[in-house]
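Report on the following structure.
Residue numbers (the working numbering), protein chains in the order written: chain A, -4 to 217; chain B, 1316 to 1548.
Below, the structure is given as structure tokens:
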């Protein structure tokens, strides 16, 4: 499975973003500063906005002209999504739409305790949103700073969950630590274009540091 | 609840007690039995109008917030707030005359609907905009289409819907301008006060007006409580 972006040019209200080519096969983190165009790119890929030119391919098939509802992509927006349904009802509702079964996904992600709850914390809500997106059986996941509103322990939980997802992921962040922890490849967005894609050779090392520096544990030892 | 709004209500009540009641003592007569009949009839028409306005507000409020076509038509609907209502009545009159609806309950309903719809749409538009486009984008990415999308927004907005209904009801109940042109009968409360005033001066209707002001204050208080609930939710 692979997501490809070809010859993309987005121009809007004086903003310009150019990406010649990007291929997402495993976990690609799109790293860039605020206003670099990261979210704009994801909204284009989902079909919420148009580009001057460009093509989006999934497994070699052009999906650029499909409406968002029909694109085989999962999308986690930056803003926390709370639906007016209990966790179980939410999973059942989207399972029915996509003809899928939520139970294996919930089991694989270790979220069994979550679906029995009536209301969820911010971190749990984000986990549920990710689990829900997987019910669509997406060919790739687009994640727009899913940890932006989370505290450190919640961030850890979400990052660990994302790390265990096997679908190709294009993960947007401005946090280099998140990028180094998650990414197989880091795509750097600078000066309104993709300045380079780098293999993350530090992934294991950062993972170890991440394990060592559970900041809350560290605080307790001080 | 917002302290400023509570203060505004207290000041309105003081106005009610200090300024309007002396007017009643000087001029006032008890309202005629017909007044109760007219208030009941107006309340009934306002309720029916509100029952039409609420679903319309849900559809138009959603379209005006999230759909390009809807955004294009927004000024047309919201402009009715700025146009004198007698002018709306005049513009509406050819249709009402041609349909033989002049001075009927249907004409009252049409008039009330047209003036109160922008109020309901405005409330729902603000509510949907506050929920944000991200929810819609997420739902669309999850394959949700059509009215199902809207259902999620509606389910999140019970207090806004209640507020839209209350404010639309107030607007319909207090309508005079359009009804002066297209439906003076069956008599609604605005027409009643206007006609009685023209016939006999303030004495005959000051007590009725005072009761209406009191009713409005109570209903405004209710809407402020509802709005407070909206902010806290």
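Here a beta-carbon is modelled for each residue, glycine too, at the ideal position from N, C-alpha and C. The structure displayed is predicted, hence computed values, not measured ones.
Within 8 Å (strictly less), CB to CB, does residue i reach chain A?
| i | result |
| --- | --- |
| residue 1457(B) | yes |
| residue 1542(B) | no |
| residue 1377(B) | no |
| residue 1342(B) | no |
| residue 1462(B) | no |
| residue 1465(B) | no |
| residue 1447(B) | yes |
| residue 1301(B) | Shown here, chain B extends from 1316 to 1548; a query on residue 1301(B) therefore has no answer. |
| residue 1386(B) | no |
| residue 1470(B) | yes |
| residue 1453(B) | yes |
| residue 1450(B) | yes |
If we define contact as Cβ-Cβ less than 8 Å, is residue i a contact residue for chain B?
| i | result |
| --- | --- |
| residue 92(A) | yes |
| residue 172(A) | no |
| residue 218(A) | Past the edges of chain A, shown from -4 to 217, lies residue 218(A), and the structure says nothing about it. |
| residue 76(A) | yes |
| residue 185(A) | no |
| residue 41(A) | yes |
| residue -2(A) | no |
| residue 220(A) | Not covered by the structure: residue 220(A). The range shown for chain A is -4 to 217. |
| residue 205(A) | no |
| residue 79(A) | yes |
| residue 193(A) | no |
| residue 68(A) | yes |
| residue 168(A) | no |
| residue 72(A) | yes |
| residue 10(A) | no |
| residue 63(A) | yes |
How is the beta strand (DSSP E) around residue i delimited, first residue to last?
| i | result |
| --- | --- |
| residue 234(A) | Residue 234(A) lies beyond the stretch modelled for chain A, which goes from -4 to 217, so this question has no answer here. |
| residue 194(A) | 188 to 194 |
| residue 127(A) | Run containing residue 127(A): none in the beta strand (DSSP E); it sits in the alpha helix (DSSP H), 117 to 129. |
| residue 71(A) | 68 to 71 |
| residue 184(A) | 180 to 185 |
Please say whether residue j and residue i have beta carbons closer to each other than 8 Å?
| i | j | result |
| --- | --- | --- |
| residue 1379(B) | residue 1389(B) | yes |
| residue 177(A) | residue 19(A) | no |
| residue 175(A) | residue 27(A) | no |
| residue 68(A) | residue 135(A) | yes |
| residue 1474(B) | residue 1430(B) | no |
| residue 5(A) | residue 46(A) | yes |
| residue 188(A) | residue 76(A) | no |
| residue 145(A) | residue 105(A) | no |
| residue 121(A) | residue 167(A) | no |
| residue 1411(B) | residue 1503(B) | no |
| residue 1(A) | residue 74(A) | no |
| residue 139(A) | residue 71(A) | yes |
| residue 131(A) | residue 1458(B) | yes |
| residue 1487(B) | residue 1364(B) | yes |
Give the secondary structure of residue i by DSSP, where H, G and I count as helix, E and B as strand, and everything else as coil.
| i | result |
| --- | --- |
| residue 1491(B) | coil |
| residue 24(A) | strand |
| residue 1325(B) | helix |
| residue -1(A) | strand |
| residue 51(A) | strand |
| residue 168(A) | strand |
| residue 13(A) | strand |
| residue 7(A) | strand |
| residue 1415(B) | coil |
| residue 1382(B) | coil |
| residue 18(A) | strand |
| residue 56(A) | strand |
| residue 1524(B) | helix |
| residue 1534(B) | helix |
| residue 1370(B) | helix |
| residue 45(A) | coil |
| residue 1345(B) | coil |
| residue 216(A) | helix |
| residue 1496(B) | helix |
| residue 61(A) | coil |
| residue 114(A) | coil |
Determine the extent of the alpha helix (DSSP H) in which residue i is found, giving its start and end residues.
| i | result |
| --- | --- |
| residue 1509(B) | 1504 to 1515 |
| residue 98(A) | 97 to 104 |
| residue 199(A) | 198 to 207 |
| residue 40(A) | 33 to 41 |
| residue 153(A) | 147 to 158 |
| residue 1461(B) | 1461 to 1470 |
| residue 1338(B) | 1336 to 1342 |
| residue 110(A) | 107 to 110 |
| residue 1500(B) | It is not in any alpha helix (DSSP H) - residue 1500(B) carries neither H nor E in the DSSP assignment. |
| residue 1396(B) | Per DSSP, residue 1396(B) belongs to no alpha helix (DSSP H) and is neither H nor E. |
| residue 90(A) | 82 to 93 |
So which residues of chain C does residue i contact, with C-beta pairs closer than 8 Å?
| i | result |
| --- | --- |
| residue 127(A) | Checking the listed chains, one finds no chain C in this structure; the protein chains it contains are A and B. |
Can you give, in chain order, each stretch of the alpha helix (DSSP H) that sits fully within the segment 1400 to 1455 of chain B and has at least 4 residues?
1400 to 1413, 1420 to 1446
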